[in-house]
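Number of protein chains: 2
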Amino acid sequence: MKNKFKVDFLPSKKGTVVPQGTVILDAAAKAGVIIDAPCGRQGRCGRCLVKVEKGRVIDYESPYLSAKQLQQGWILSCIAKVASDLVIHVPSKKEQARLVSEIATTRKAVATRLLWPLSPAVRHFFIELSPPSLSDNTADFDRLKSALSIKYGIENLTVSLPLMQKISQDLRKAHWQLTVAIDTQNQGKAARLINIYPGHRKRGALGVAIDIGTTNIVADLVDLSSGHSLNRVSALNRQSTCGEDVISRIIYSERKGGVKRLNRLVIQTINDLLDTLSAKNKIQATEIDQMVVAGNTTMTHLFLSLPPTYIRQEPYLCTTTQFPVVTATELGVKINPHASIYCLPAIAAYVGGDISAGVLSSGLFKSNKLSLFLDIGTNGEIVLGNSEWMIACACSAGPAFEGAGVSCGMPANIGAIEDIIIDSHTLEPTFKVLGDIPPLGICGSGMISALAEMLVTGIVDKAGHINRGTGDNPRIRIGEHGGEYVLCWSADSGTAEDITLSEIDINNLIRTKAAIYAGITVMLKRLGIPISEIEQVLIGGAFGQHINIERAIKIGLLPNLPWKKFQFLGNTSLSGAYNVLLSTKAQQKAKSIARKITYLELITDNTFMNELTAASFLPHTDSSNFPPIKTLAG
Amino acid sequence: MKNKFKVDFLPSKKGTVVPQGTVILDAAAKAGVIIDAPCGRQGRCGRCLVKVEKGRVIDYESPYLSAKQLQQGWILSCIAKVASDLVIHVPSKKEQARLVSEIATTRKAVATRLLWPLSPAVRHFFIELSPPSLSDNTADFDRLKSALSIKYGIENLTVSLPLMQKISQDLRKAHWQLTVAIDTQNQGKAARLINIYPGHRKRGALGVAIDIGTTNIVADLVDLSSGHSLNRVSALNRQSTCGEDVISRIIYSERKGGVKRLNRLVIQTINDLLDTLSAKNKIQATEIDQMVVAGNTTMTHLFLSLPPTYIRQEPYLCTTTQFPVVTATELGVKINPHASIYCLPAIAAYVGGDISAGVLSSGLFKSNKLSLFLDIGTNGEIVLGNSEWMIACACSAGPAFEGAGVSCGMPANIGAIEDIIIDSHTLEPTFKVLGDIPPLGICGSGMISALAEMLVTGIVDKAGHINRGTGDNPRIRIGEHGGEYVLCWSADSGTAEDITLSEIDINNLIRTKAAIYAGITVMLKRLGIPISEIEQVLIGGAFGQHINIERAIKIGLLPNLPWKKFQFLGNTSLSGAYNVLLSTKAQQKAKSIARKITYLELITDNTFMNELTAASFLPHTDSSNFPPIKTLAG
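Here the protein sequences line up with chains P and X, keeping their order. Each step along the first sequence adds one to the number in our numbering, with nothing skipped, and position 82 is 86. Each step along the second sequence adds one to the number in our numbering, with nothing skipped, and position 6 is 10.
Here it is in structure tokens:
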């Protein structure tokens, strides 16, 4: 058995001979091929990806490579070892950026899961009535009621006045053969007739799950009889024209007619989405017989025209945490006007129905593991607990990750830099842009990447200052707002302006990540639990699914835990709404979850300011909790 | 002991001497004083009333004299006997008419009774909340909910969206000290917040009971905490301009916008009544926190904008018998917009919530006696039964008693002849007019009186023909519509026209009374029960309270039963609504009553046409069931 092997690197065609078991990264160094490996050989950053074209390596397993990548021969050169003669392909910077962001992609969407047996509140029933006669002259609705009771055991059927007003006509038009939509309530103890379709309707009942985000609204059309999602569409929340974050929306709501206008805007956005879904599925929106909505407390208030004004005034109160069940007609939503709209309950003024939805759909509420649930958006909401107990807090993180307060910041739309790597030597960036067009700005995940890369490459120091000591690299300069790093020259950008990150931008990002991290530590300290005891970190929210864990840990946004403890659950707000739409038990559970969670008001917590200050460094004042930063520059 | 006594009659001053025990009527005949006694000495018609000015009579007891009349010395001369020397006052015709109608008066209104312990669905509760702070930042509605749970044990409190939208402001305006109106539903299992009053409200919760009659609407403002009626007001149903009876209203409703217009008219009438009640009681109508409505099926349908069109088309169906509970705002009723409005359940298309209300408030549903409940209006509705079973039917009696189809007919308003007696000898009438003005027409009770008197005096025969054989009396003549009797000469009338009853009028009245009587007999025969086994006759409805039993029996409208079996219950529809307003148990009972009553469709009953024909005589083909008619003319 040979114990020395030849290793050749492409495309440079440089080669060397090394003993069996040599780490590929060392073989490359010996051959004079430089591979960037900023995580310090921890197998965490994925930057050192290379592809085995020929030969065999060992110890290459990494949970951070997708099955597809592994199959294609990609390995991490900082951990894999030589086991035969090898031909290794070293990717270009461009290819590397794509591959690294694909690593992130493998952590993206955990598919929306239904955690309960399918038992939607709304169901369709076909019924054939005996036509009335002089010898059988039961009243129209009574006739229907009694037939439904006999055939399906549906008791105590009620109906709203507007539907009752047309039911006699409906029954006759249907020639006494019809499909009814029934909304069961109180765990099936009461039933409400909400729609009548003539004849035997073949299509299953339809419902729609909605996530009302401050920035984006997502709607999922669901076949309630199968549980399948038929289509998911999203649109910018039209309220965005009245302020980017919840606080500015609340301030807007305090104008004369403000609540009404904001309400109209969110309803219009939803109605537009319903139009899109209807067109895609060749249905009328009025065939949608139920809607479930999850959103933060302010969004839910505005959706229901509840004035949110006391949410932003000390002592920060919402009107209610359990929202009234309303009908579509009350809100002007253009589904079946008699359909009920259920809003997931909130926990507090800054921990809303989106978080109840997250706890519900993540399964945290029934987990035996000590779990940390994070929803990072305009605010960072955090839930810590397990099936026994749960505690929640909200960090006024600010909307930096959503692009506000960052000069070239933008939401995660087409044209946003969503991922970036910076060469340790040249400080030249390579980035991935949403939609593959010249970049227009940088979104949250891009900012996390950029900040981590700037820290690793020494462009920025622990305190967030641009390191002017990096010499005469043109990308590092003094701009209008102090030191800045040029991510993209005007010649390459879609805006004909340089895209930069300044110290002011960086300070905003640090404030944001510090608020979230401080929230986590205050909660843990309050309960006397060390960070290491957290058994799983569940990351929800639309933004969460784009975060690169390693980089988020690097800047001190996420706690330094083994990667395998992290789960990215995608849009847990929508997923929670989807679960409630498909299961009355989930609806009951959401209610009890919201009641069970203890809310911790950080503002009244003495330790919060200290923790916030401690976390306002990169990654943290106490860097012993974080992985070492190895930079070529440092 | 003397056994002969001197009897003197005033004002004629005629006198005679008779043996002890002589009936006064005989003594009068002996003295040459003529006293009219058309009932044939049965002590039933009250026509032979005289007053004992001095002396003593025996055997004078009659249930048909009021305590006041007895105290004043009035006796019936056909039954009372001489027991001492006597001075007897014989009243003038005018005085006699007043006295006879007062006899009827003594049978009029049985006061509205509450048959259940006071337990209104709506109650007021005073609550003082601890103001919120950073250390106690429970949401506004949650704060209220929890305080109400702790202090009053109110659980599962819900609130409608519009009230939720202003609750945060309401709580702050009230400085956290408030009186809330709670509507308990499902026998107290659910509670709905419907009103918030700042501070400690001293006045009890208010509710309103409404009887929607086809002709008149009556509203009773009730203090729900004491059960006291504060005011009762009534007004003409504004729908009257769109037709006098339910059939013409239904026809009107079939026009374009007809249902909407009829709905607006009834709501306007009710809102006007609410304005009157509010002004009288110095309240805002919005302080009324509940409304309960009873009406016939068509009136209830129009009140709720349910198209009534199938009510008049074979097989005669209403939309529903159990009506949805709605809020005031849904109907545009100007009480507290969040207050619920409960409509008493109907039994069938022509047996409505007014009849459920009647069975409820009359106590029929819990009686051990075999009871006959009658509501005579445009339609005659009949319920037969006891606590064990109940059967109901509706006779298309037609609106003759309400003045339609009778040339000089009119509703029981000012100017209507409501009672009449006709001198057996001269055929001259003496009448009582509502409001004591020159008569404008004749109302239902007047028609019954007139028909009975015309029959007794031989003006009309069994078949309803004007008896032209009475000779050359100018009051009996051939008019435009055949034979007619002149009730009032144009010189004495308020219309400057003769007020008459023609054979056509009489035929209409006979059809009406025959329909009711036939309904009663068909029901009894169906069950094999002889008339005599009826233990009580409960007469409800606005019109019922004005009927003179003796005369109604005489024309064959009411069955020939001892007077003591008849009870006049006044407006049982309103009374039922009042009971439901004040007792959730009564509400439950109304629901079960409506379900329990078996509806008998007369049109499909083979015997109905025979019974109708048999009853189309005065009093009936089989006169053996009726008291003998003794006339001086016959």
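Yeah, the Cβ is synthetic: ideal placement off N, Cα and C, and Gly gets one too.
{"query": "Which residues of chain P have a Cβ atom closer than 9 angstroms to the Cβ of S628/X, listed in chain order?", "result": "In chain order: nothing, as chain P lies at least about 34 angstroms away."}
{"query": "What three-state label does DSSP hand H179/X in the structure shown?", "result": "coil"}
{"query": "Which residue marks the beginning of the alpha helix (DSSP H) containing D276/X, and which one marks its end?", "result": "262 to 285"}
{"query": "One question on the structure: do E650/X and I470/X come within less than 7 angstroms of each other, judged by their Cβ atoms?", "result": "In the structure as shown, chain X starts at 5 and stops at 638, and residue 650/X therefore has no counterpart that could be examined."}
{"query": "Can you pull the chain P neighbours of Q2/X, defined as C-beta to C-beta under 9 angstroms?", "result": "This structure leaves residue 2/X out entirely; chain X is present only between 5 and 638."}
{"query": "Does D227/X get closer than 7 angstroms to chain P when you measure Cβ to Cβ?", "result": "no"}
{"query": "Which two residues bound the contiguous alpha helix (DSSP H) that contains E615/P?", "result": "610 to 619"}
{"query": "Please list the partners that T608/P has in chain X, where partner means a Cβ-to-Cβ separation under 8 angstroms.", "result": "L138, S139"}
{"query": "What are the residues of the region 145 to 166 of chain P that lie near chain X, defined by any Cβ-Cβ distance shorter than 7 angstroms?", "result": "F145, D146, T162, V163, S164, L165"}
{"query": "Can L197/P and L161/P be called in contact, C-beta distance under 7 angstroms?", "result": "yes"}
{"query": "For I380/X versus I421/X, is the C-beta spacing smaller than 7 angstroms?", "result": "no"}
{"query": "Please state the DSSP three-state secondary structure of I607/X.", "result": "helix"}
{"query": "Name, please, each residue of chain X whose Cβ falls closer than 7 angstroms to the Cβ of A143/P.", "result": "L321, C322, T323, T324, T325"}
{"query": "On a Cα-Cα basis, can you pick out the residue from G498/P, I551/P, I533/P, L528/P that is closest to F405/P?", "result": "I551/P"}
{"query": "Within a Cβ cutoff of 6 angstroms, which residues of the same chain sit near K569/X, ignoring the five residues on either side of it in sequence?", "result": "Q540, V541"}
{"query": "Please confirm if the region 519 to 539 of chain X is in contact with the region 613 to 630 of chain X, defined as three or more CB-CB distances below 8 angstroms between the two stretches.", "result": "yes"}
{"query": "Starting from K8/X, trace the beta strand (DSSP E) in both directions and tell me its first and last residue.", "result": "8 to 14"}
{"query": "I'd like to know if V330/P contacts chain X, where contact means its C-beta is closer than 7 angstroms to some C-beta of that chain.", "result": "yes"}
{"query": "Would you check if there are 3 or more beta carbon pairs closer than 8 angstroms linking the region 51 to 63 of chain P to the region 83 to 92 of chain P?", "result": "yes"}
{"query": "Relative to the C-alpha of G203/P, which residue among N220/P, A213/P, V184/P is closest?", "result": "V184/P"}
{"query": "Would you verify that the beta carbon of K112/X is, or is not, closer than 7 angstroms to some beta carbon of chain P?", "result": "Since pLDDT at K112/X reaches only 47, below the 50 mark, its modelled position is unreliable, and the value read off the structure follows with that caveat. So, not an interface residue."}
{"query": "How about the region 508 to 515 of chain P and the region 331 to 346 of chain P: do they share at least three Cβ pairs that are nearer than 8 angstroms?", "result": "no"}
{"query": "With a threshold of 7 angstroms between beta carbons, is S134/X in contact with chain P?", "result": "no"}
{"query": "Closest Cβ-Cβ distance between E334/X and chain P: below 7 angstroms?", "result": "yes"}
{"query": "Since S172/X meets chain P, which of its residues come closer than 7 angstroms, beta carbon to beta carbon?", "result": "P311, Y314, T323"}
{"query": "Report the start-end ranges of each beta strand (DSSP E) in the region 501 to 549 of chain X that is 3 residues or longer and not cut off at the edges.", "result": "503 to 506, 540 to 544"}
{"query": "Can you give me, in chain order, the residues of the region 230 to 259 of chain P that have a beta carbon less than 9 angstroms from any beta carbon in chain X?", "result": "none"}
{"query": "Taking C-beta to C-beta, are L210/P and E291/P nearer than 7 angstroms?", "result": "yes"}
{"query": "Can you give the Cα-Cα distance for F13/X and E457/X, rounded to whole angstroms?", "result": "26 angstroms"}
{"query": "Applying the 10 Å Cβ sphere with the 16-neighbour rule, what's the burial state of R479/P?", "result": "buried"}
{"query": "With DSSP collapsed to three states, give me the class of G357/X.", "result": "helix"}
{"query": "Using the beta-carbon of each residue, which ones in chain P are nearer than 7 angstroms to E385/X?", "result": "In chain order: nothing, as chain P lies at least about 16 angstroms away."}
{"query": "Which residues in chain X have a C-beta closer than 9 angstroms to the C-beta of E501/P? List them in chain order.", "result": "Correct list: empty, because the minimum Cβ distance to chain X is about 44 angstroms."}
{"query": "Helix, strand or coil, according to DSSP, for T116/X in the structure here?", "result": "coil"}
{"query": "Using alpha carbons as the reference points, say which of G450/X, Y582/X, D427/X, T430/X lies closest to L438/X.", "result": "G450/X"}
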